[in-house]
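Note sheet for the following structure.
Number of protein chains: 2
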Amino acid sequence: MEKIYIIGIGLIGGSFARDLRRLYPKAQIFGIDTTPEHIAEAIKIGLIDAEATITSIEAADLVVLSIPVDIAVKVLPEVLDHIGDQTLVMDMGSTKASICAGVATHEKRRNFLACHPIAGTEFSGPMAAIEGLYIGKTNIICEVEKTSFKLQEKALHLFTSIGMRIRYMDPVSHDKHIAYVSHLSHISAFMLGKTVINKEKNERDIFDMAGSGFASTVRLAKSNPTTWTSIFKQNKENILETLDEYITNLAHFKELMQEDDFNGVYQEMENTNHIKEILKGIE
Amino acid sequence: MEKIYIIGIGLIGGSFARDLRRLYPKAQIFGIDTTPEHIAEAIKIGLIDAEATITSIEAADLVVLSIPVDIAVKVLPEVLDHIGDQTLVMDMGSTKASICAGVATHEKRRNFLACHPIAGTEFSGPMAAIEGLYIGKTNIICEVEKTSFKLQEKALHLFTSIGMRIRYMDPVSHDKHIAYVSHLSHISAFMLGKTVINKEKNERDIFDMAGSGFASTVRLAKSNPTTWTSIFKQNKENILETLDEYITNLAHFKELMQEDDFNGVYQEMENTNHIKEILKGIE
Chain A
108 MEKIYIIGIG LIGGSFARDL RRLYPKAQIF GIDTTPEHIA EAIKIGLIDA
158 EATITSIEAA DLVVLSIPVD IAVKVLPEVL DHIGDQTLVM DMGSTKASIC
208 AGVATHEKRR NFLACHPIAG TEFSGPMAAI EGLYIGKTNI ICEVEKTSFK
258 LQEKALHLFT SIGMRIRYMD PVSHDKHIAY VSHLSHISAF MLGKTVINKE
308 KNERDIFDMA GSGFASTVRL AKSNPTTWTS IFKQNKENIL ETLDEYITNL
358 AHFKELMQED DFNGVYQEME NTNHIKEILK GIE
Chain B
108 MEKIYIIGIG LIGGSFARDL RRLYPKAQIF GIDTTPEHIA EAIKIGLIDA
158 EATITSIEAA DLVVLSIPVD IAVKVLPEVL DHIGDQTLVM DMGSTKASIC
208 AGVATHEKRR NFLACHPIAG TEFSGPMAAI EGLYIGKTNI ICEVEKTSFK
258 LQEKALHLFT SIGMRIRYMD PVSHDKHIAY VSHLSHISAF MLGKTVINKE
308 KNERDIFDMA GSGFASTVRL AKSNPTTWTS IFKQNKENIL ETLDEYITNL
358 AHFKELMQED DFNGVYQEME NTNHIKEILK GIE
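Protein sequences, first through last, are from chains A and B. Throughout the first sequence, residue numbering follows our numbering, covering 108 to 390 in sequence. Throughout the second sequence, residue numbering follows our numbering, covering 108 to 390 in sequence.
This is how it looks when you write it as structure tokens:
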């Protein structure tokens, strides 16, 4: 691994760069980003060695695409147009169906591996990059059979060296399930934040009453709106389905309370309590 | 402080007992609890010295009421019936209006201080008790003027020694605002958990896809259903109002997505992003 290009040098790409730097200390890492400040910051803190452009990636051993998913869908074919025969290209996006569909017939399809590492924080930009973010995390790989054997092997070696767990999945299933276990949480948190801020906007010291429970539930409302608008756009139909079910469940809970059916309220919570066992190992 | 009685020796009462033990190492701490296993556990791990009954509290210096709020409303008058003139009684409940109303005309009203320490975890029972849970946390005191000066002073000294910050508030405002910054978060988390579990019940390995974001947002769904049914019962009207607004906000977000108004979706998130500044100091 001599030449690595990271397209989009924020939290996700930047944290990955830190792992790559550790694994391949002699490799040169280049950054491509539409925000000049991100490039400057990333060089300053050592995430990348220098800026590059997409036209210079022919000699790349590895190209990592870590930009908002709707832009990634447009940029990926262009990236594949410019790479050499031995280049491995991987994306890190939170939706997988449209990015896979967009390059299905590209002549360099076998150079691409569709990935979704389940890792991140609510922060963004190169300064948010964290050493070790991916250690012990799950990496979901889609359509692995469409990537050449040699490059599959190269990628797998890389992920294993970082310490990631691998899961294989088809992109349509990925997008359906990830809407439940990731995307919906973000909407739930953003709207919780909105509800409380709207109510309390003239009484800021009310937030003195908030404890760690509120902080935890609303944490994802700090997330980057650009990243998430892009994800919601790409995964619209699945997310609308989860949102429908979530609203129905909330409305049902409200009805139980209105009817003073507190046995029902108790049961709703009791039935969900086994999330304890489910969450073990995630936190 | 020689004799302390904790009624309800779970997470809240048990953690408080640990602080009291540190501050008053010579005091005897008694536990009163309707669950015999809780008493046995609490003695075993040193939270309390012995079991007691409500009829034996006349000589108490301090009685702490840390049981579900709807039961506390019924038990508090009985507690006040049995105490001596110098006894300080405080409750720790998450709702304040009905407990204050319930003892408004009690002849021992001045022995009672209505408190709500904003502290806790999603766990429950004596084994969940934590040393230092209350350090640096906010304690909301309601109707302080209705407590005798001497006992106000005693309580204040205790809270300050523990390291709590004090806020004064009327009970009706307390219940209104706490519905937003605490109670709604619990419903939001429980229904998120329900939505995901219902969808994925036949595909348990889907939870391999869940990351720390989901875990954080759904964390409160591990909370004790008895505690929370009781709170929802006591604060029904305020919570229904918050729930209405939350559902309206979610439905609006859904509409924006349905109409492909992703500028609107972006704005919704952008407008809520300053929760970052609000949360500073809470987490």
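All residues carry an ideal CB built from backbone N, CA and C; glycine is no exception.
Sequence-distant residues of the same chain with beta carbon closer than 8 Å to residue i, five excluded per side
| i | result |
| --- | --- |
| A:V210 | L183, P184, L187, R216 and F219 |
| B:L363 | F369, G371, V372 and E375 |
| A:F360 | V372 and E375 |
| A:F314 | E307 |
| B:V251 | L220, Q259 and Y275 |
Three-state secondary structure (DSSP) of residue i
| i | result |
| --- | --- |
| B:K110 | strand |
| A:L291 | helix |
| B:N246 | strand |
| A:V170 | strand |
| A:E366 | coil |
| A:D282 | helix |
| B:A358 | helix |
| A:V210 | coil |
| B:Y275 | strand |
| A:L195 | strand |
| A:G320 | helix |
| B:G138 | strand |
| A:L350 | helix |
| A:L220 | strand |
| B:A235 | helix |
| B:E229 | coil |
Within 8 Å, strictly: CB atoms of residue i and residue j
| i | j | result |
| --- | --- | --- |
| B:I269 | B:Y241 | yes |
| B:I178 | B:S337 | yes |
| B:L169 | B:I116 | no |
| B:I445 | B:S201 | Lying before the first or after the last residue shown, residue 445 of chain B is absent from chain B, which here runs from 108 to 390. |
| B:L291 | B:L350 | yes |
| B:R128 | B:I119 | no |
| A:F123 | A:M199 | yes |
| B:A134 | B:I111 | yes |
| A:K253 | B:K383 | no |
| B:W335 | A:M316 | no |
| B:E165 | B:G191 | yes |
| A:T302 | B:E307 | no |
| B:N331 | A:P332 | no |
| B:S173 | B:I113 | yes |
| B:I150 | B:A157 | yes |
| B:G318 | A:G239 | no |
Residues that residue i contacts on chain A, provided the C-beta gap is smaller than 8 Å
| i | result |
| --- | --- |
| B:K291 | Note that residue 291 of chain B is Leu in the sequence shown, not Lys. Going along chain A in sequence order, the residues near B:L291 (Cβ under 8 Å) are L299, T302 and V303. |
| B:K329 | N380, I382, K383 and L386 |
| B:E307 | H284, Y287 and V288 |
| B:T202 | Under the 8 Å cutoff, chain A gives no residues; its nearest Cβ is about 13 Å from B:T202. |
| B:V325 | S292, I382 and L386 |
Neighbourhood of residue i by C-beta distance below 6 Å, restricted to the same chain and skipping five residues each side
| i | result |
| --- | --- |
| A:T245 | I225, R272 and R274 |
| B:V325 | A296, L299 and G300 |
| B:I237 | S122 |
Chain-ordered neighbours of residue i on chain A, where CB pairs are closer than 9 Å
| i | result |
| --- | --- |
| B:Y275 | Residues of chain A passing the Cβ test: none, with the nearest at roughly 11 Å. |
| B:M316 | H223, I225, T245, I247, R274, M276, H281, H284, I285, Y287, V288 and S289 |
| B:K340 | M364, D367, F369 and V372 |
Nearest neighbour of residue i, chosen from the options [CA to CA]
| i | options | result |
| --- | --- | --- |
| B:Q341 | B:E148, B:Q193 and B:P175 | B:P175 |
| A:H48 | A:I247, A:D368 and A:A328 | Any answer about residue 48 of chain A is impossible in this case: the structure gives chain A only from 108 up to 390. |
| B:E348 | A:Q365, A:T334, A:P332 and A:F339 | A:Q365 |
| B:S205 | B:L195, B:K181, B:I190 and B:G243 | B:K181 |
| B:Q193 | B:K253, B:K261 and B:A328 | B:K261 |
| A:T355 | B:P143, B:R125, B:L265 and B:I294 | B:I294 |
| A:K283 | A:T267, A:K343 and A:V171 | A:K343 |
| A:L327 | A:S231, A:V251, A:G121 and A:A236 | A:S231 |
| B:G243 | B:D312, B:L258, B:F339 and B:D126 | B:D126 |
| B:H264 | B:L195, B:A235, B:T228 and B:I152 | B:L195 |
| A:F339 | B:D367, B:N305, B:I304 and B:S323 | B:D367 |
| A:K387 | B:N378, B:S323 and B:A235 | B:S323 |
| B:I385 | A:M234, A:I346 and A:I304 | A:I304 |
Residue i: contacting residues in chain B (beta-carbon distance under 9 Å)
| i | result |
| --- | --- |
| A:T141 | Per Cβ cutoff of 9 Å: no residues; A:T141 is ~17 Å from chain B at best. |
| A:G270 | Under the 9 Å cutoff, chain B gives no residues; its nearest Cβ is about 15 Å from A:G270. |
| A:I237 | Result: empty, since nearest Cβ-Cβ is about 12 Å, beyond 9 Å. |
Within chain B, partners of residue i - CB distance below 8 Å
| i | result |
| --- | --- |
| A:V176 | Near A:V176 there are no residues of chain B at all, since even the closest Cβ is about 13 Å away, more than 8 Å. |
| A:F360 | I294, F297, M298 and L350 |
| A:I354 | I354, L357, A358 and K361 |
Beta-carbon contacts of residue i that lie in its chain and below 7 Å, excluding the five residues immediately before and after
| i | result |
| --- | --- |
| A:C249 | K203, C207, A221, M276, D277, P278 and H281 |
| A:Y131 | M108 |
| A:F266 | N246 and I273 |
Interface residues of chain A facing residue i [CB-CB closer than 7 Å]
| i | result |
| --- | --- |
| B:Q365 | L347 |
Under 7 Å by beta carbon: chain B residues contacting residue i
| i | result |
| --- | --- |
| A:Y424 | Absent from the structure is residue 424 of chain A, since the part of chain A shown begins at 108 and ends at 390. |
| A:E377 | P332 |
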